[in-house]
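Engineer: Mind having a look at this structure? Questions to follow.
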Amino acid sequence: MTTAFFTDERCFWHGGGNYAFTLPTGGLVQPGGGLPESPETKRRLRNLLEVTGLLRDLDVRSAPEASWEEMSRVHPESYLRAFKAASDAGGGELGLRTPFGRGGFEIAALSAGLATAALRAVLAGEAANAYALSRPPGHHCLPDFPNGFCLLNNIGIAIRAARAEGRIGPVAVVDWDVHHGNGTEAVFWDDPEVLTISLHQDRNYPLDTGAVEARGGGLGEGYNLNLPLPPGCGHVAYLHAFDRVVLPALYRFRPETIVVACGYDASALDPLGRMLCTAETFRAMTQAVKQAAADLCGGRLVLVHEGGYSEVHVPFCGHAAIEELAGSAIRAPDPLATTLEKRQPAASFDRFAQAWIDEAAVALGL
Ligand SMILES: [Zn+2]
Numbered sequence: 002m003t004t005a006f007f008t009d010e011r012c013f014w015h016g017g018g019n020y021a022f023t024l025p026t027g028g029l030v031q032p033g034g035g036l037p038e039s040p041e042t043k044r045r046l047r048n049l050l051e052v053t054g055l056l057r058d059l060d061v062r063s064a065p066e067a068s069w070e071e072m073s074r075v076h077p078e079s080y081l082r083a084f085k086a087a088s089d090a091g092g093g094e095l096g097l098r099t100p101f102g103r104g105g106f107e108i109a110a111l112s113a114g115l116a117t118a119a120l121r122a123v124l125a126g127e128a129a130n131a132y133a134l135s136r137p138p139g140h141h142c143l144p145d146f147p148n149g150f151c152l153l154n155n156i157g158i159a160i161r162a163a164r165a166e167g168r169i170g171p172v173a174v175v176d177w178d179v180h181h182g183n184g185t186e187a188v189f190w191d192d193p194e195v196l197t198i199s200l201h202q203d204r205n206y207p208l209d210t211g212a213v214e215a216r217g218g219g220l221g222e223g224y225n226l227n228l229p230l231p232p233g234c235g236h237v238a239y240l241h242a243f244d245r246v247v248l249p250a251l252y253r254f255r256p257e258t259i260v261v262a263c264g265y266d267a268s269a270l271d272p273l274g275r276m277l278c279t280a281e282t283f284r285a286m287t288q289a290v291k292q293a294a295a296d297l298c299g300g301r302l303v304l305v306h307e308g309g310y311s312e313v314h315v316p317f318c319g320h321a322a323i324e325e326l327a328g329s330a331i332r333a334p335d336p337l338a339t340t341l342e343k344r345q346p347a348a349s350f351d352r353f354a355q356a357w358i359d360e361a362a363v364a365l366g367l
């Protein structure tokens, strides 16, 4: 069995809004530039996979749009109707930094559909594991409030669909996007069958969520783990976070499937993060979840693309993750590797970050 790779050019056609970076234009903010969530990071990843030849070793597929019924298992009908109506009327914006154009509803449904099909393919045993190049991303989207470039909660829709089909038992979502996975946390807040783990930069977006103390509620209490990390963490600190928090939590919970909210904005070059990860960090994190999936889940592992805003660096980080996922020997050496190696934090910072992580692990009961 091979690695399935779900992608669709239509996802790259999503757009809308008048922004200069994250600021609405007007007043003193000169028009132009656009949101950092541009199609190029994702399209260039797909292109790099084609140029190196790795794409030919993957089972490349598209998928149908997520159905209204599938979306409504996560999002209230009132939100879906408002989104569809605005999309049909030429586009608009219903939340915070989530503009869309005409047809944006269908593109967001397609993005969720790619994630849903990726999970379905792995659960059906059609693929060893899978990657969904979803766009727009999903992990910030609350059931009734789109935010942070996310219009539908792709992973939430995928897991709920699999559950409705009776295909999935306990599942863990590991979110290594540099921002807190507030949407995924909200969707599964009171659900003890879904362990949500988010590693994120402390006091980045959203500013008011992502604390260690937010552990889930009701029956789901204890099944939401947040690990905020100090700005400046690099390869060593991220691997320590895996050894001390992510992996112990996975082995304690023993999921039957692992889904990764796979953002690349902890890259050292990302304009929306202040971390120092390299392509090798994303390779190592993929190796770690792949090993956990082999030990716990019969290998069932799905990576769903989230953020990552360096058009130059995301393709190399993503290629490294997909090399590991597919067990391929094809390499796309990161031209920035030497520079980023030299920019890793000093040993004294790594010790500080490790102590910070150790303290959080204790607070999380790990
Ligand atoms: Zn992000």
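All you need for our numbering is the position in the sequence shown, starting with 1, plus 1.
Ideal Cβ placement from N, Cα and C applies to all residues, glycine included.
So what does DSSP say about residue 192, is it helix, strand or coil?
Structural biologist: Coil, per DSSP.
Engineer: Where does residue 8 fall in DSSP's three states?
Structural biologist: Looking at residue 8 - three-state DSSP - the assignment turns out to be coil, as it is neither helix nor strand.
Engineer: On the DSSP bridge assignment, give the partners of residue 1 in chain order.
Structural biologist: An answer regarding residue 1 cannot be provided, because it is not within the stretch 2 to 367 covered by the chain.
Engineer: Spell out a yes or no on whether the segment 303-311 and the segment 261-272 are touching, meaning 3 or more CB-CB pairs, one atom from each, closer than 8 Å.
Structural biologist: With the cut-off at 8 Å, the segment 303-311 and the segment 261-272 touch.
Engineer: Please report the residue range of the alpha helix (DSSP H) in which residue 289 lies.
Structural biologist: It spans 280-297 - the alpha helix (DSSP H) in which residue 289 sits, taken as one unbroken run.
Engineer: May I ask you to check if the CB of residue 307 is nearer than 7 Å to at least one heavy atom of ligand 1?
Structural biologist: True, at least one ligand heavy atom lies under 7 Å from that Cβ.
Engineer: Within 7 Å: the Cβ of residue 191 and any heavy atom of ligand 1?
Structural biologist: Answer for residue 191: no, Cβ out of range of ligand 1.
Engineer: Quick one: complete beta strand (DSSP E) runs, 3+ long, within the segment 87-169?
Structural biologist: DSSP runs (the beta strand (DSSP E)) wholly in the segment 87-169: 130-133.
Engineer: State buried or exposed for residue 136, treating a residue as buried only when at least 16 other CB atoms are found within 10 Å of its CB.
Structural biologist: The residue is buried, with at least 16 neighbouring Cβ atoms inside 10 Å.
Engineer: Can you find a heavy atom of ligand 2 that lies under 7 Å from the Cβ of residue 96?
Structural biologist: For the structure depicted, ligand 2 is absent and the ligand set comprises only ligand 1.
Engineer: On the criterion of 16 or more Cβ atoms from any shown chain inside 10 Å, does residue 340 qualify as buried, or is it exposed?
Structural biologist: Burial call: exposed.
Engineer: Pull up the distance between the alpha-carbon of residue 93 and that of residue 119, whole angstroms please.
Structural biologist: When rounded, the distance between both Cα atoms is 29 Å.
Engineer: Consider the C-beta atom of residue 264 and the heavy atoms of ligand 1; say whether any pair is separated by less than 7 Å.
Structural biologist: Within the cutoff, so yes.
Engineer: Quick check on residue 265: does DSSP put it in helix, strand or coil?
Structural biologist: Of the three classes helix, strand and coil, the one that applies to residue 265 here is coil, per DSSP.
Engineer: Measuring alpha carbon to alpha carbon, tell me which of 72, 145 and 91 ends up nearest residue 109.
Structural biologist: Closest option to residue 109, Cα to Cα, is 72.
Engineer: Should residue 335 be labelled buried (16 or more other beta-carbon atoms within 10 Å of its own) or exposed?
Structural biologist: Residue 335 should be labelled buried.
Engineer: Spatial neighbours of residue 151 within its chain, please: C-beta separation below 7 Å, excluding the five flanking residues on both sides.
Structural biologist: So the list reads 99, 137, 138, 139, 140, 141, 142 and 184, once near-sequence residues are dropped.
Engineer: Would you say the beta carbon of residue 371 is closer than 7 Å to some non-hydrogen atom of ligand 1?
Structural biologist: Not covered by the structure: residue 371. The range shown for the chain is 2 to 367.
Engineer: Considering residue 236, what are the terminal residues of the alpha helix (DSSP H) in which it resides?
Structural biologist: Note, residue 236: alpha helix (DSSP H), 236-242.
Engineer: Is the segment 213-222 touching the segment 169-178 in the sense that three or more CB pairs, one from each, lie closer than 8 Å?
Structural biologist: Cβ pair count under 8 Å is below three, so no.
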